[in-house]
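If you read the sequence shown in my numbering, its first letter stands for residue 2, the second for the next number, and so on.
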Amino acid sequence: MSKFIYRMQNILNIKEKLEEQARMDFGMAMVRLREEEETLDRLQRRKANYEEQARGSLRDTLHLREIRENNEAILRMDEFIDVQMLEIEKAEKKVEEERQKLQESIQERKIQEKLRENAFEVFMGEEKARESREIDELTSYTYGQKKIAETAAEA
């Protein structure tokens, strides 16, 4: 039996490498999104801490400077949170883009694998036909040799 050689194996190998790269890019985008979400969470906790301080400073003796600074810090945290929300949206868009690229690369690899499977099936059909021809030739040769031996024995 001869060896199966897929003519477009190098293309399949490239598609597999592209898929692996797309998986890595998608993973990096997901990590970036998680980092941005963690940053937002830290900012929100910091803002909540400032708000708690503001409530505490209103209960005790009133220190106007402290109250103003705390209000400024809360406003600044709101600005930081708004900016961070935009960063999260960018990261989510990047994740979606990378997910699309990954899906496309998976589809392309699967197409190449299906083409390889089809080529292998054709190869196996050709191999069966070749083996069948060889068996027929061998049978015909053996039958012919027996006939020659029988005619030689009769003569």
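Every residue, glycine too, gets a C-beta built ideally from N, C-alpha and C. Everything numeric in this text was worked out from a predicted model, so none of it was measured.
Leaving out five residues before and five after residue i in sequence, what residues of the same chain have Cβ atoms less than 6 Å from its Cβ?
i           : result
residue 35  : none
residue 120 : 7
Please identify the residue among the options whose C-alpha is closest to the C-alpha of residue i.
i          : options          : result
residue 12 : 112, 40, 99, 32  : 112
residue 14 : 150, 79, 114     : 114
residue 19 : 110, 3, 143      : 110
residue 98 : 31, 4, 3, 17     : 31
residue 47 : 118, 143, 95, 77 : 77
residue 92 : 29, 5, 16, 4     : 29
Taking only three categories from DSSP, how would you classify residue i?
i          : result
residue 9  : coil
residue 4  : coil
residue 62 : coil
Excluding sequence positions up to five away, which residues of its chain have a Cβ less than 8 Å from the Cβ of residue i?
i          : result
residue 89 : 34, 37, 38, 41
residue 68 : 55, 58, 59
residue 85 : 37, 40, 41, 44
Problem set entry | Three-pair Cβ contact test at 8 Å for the region 131-144 versus the region 53-60 | The region 131-144 is not in contact with the region 53-60.
Exercise. Counting pairs of beta carbons, one from the region 17-26 and one from the region 95-107, are three or more of them closer than 8 Å?
Worked result: These segments touch.
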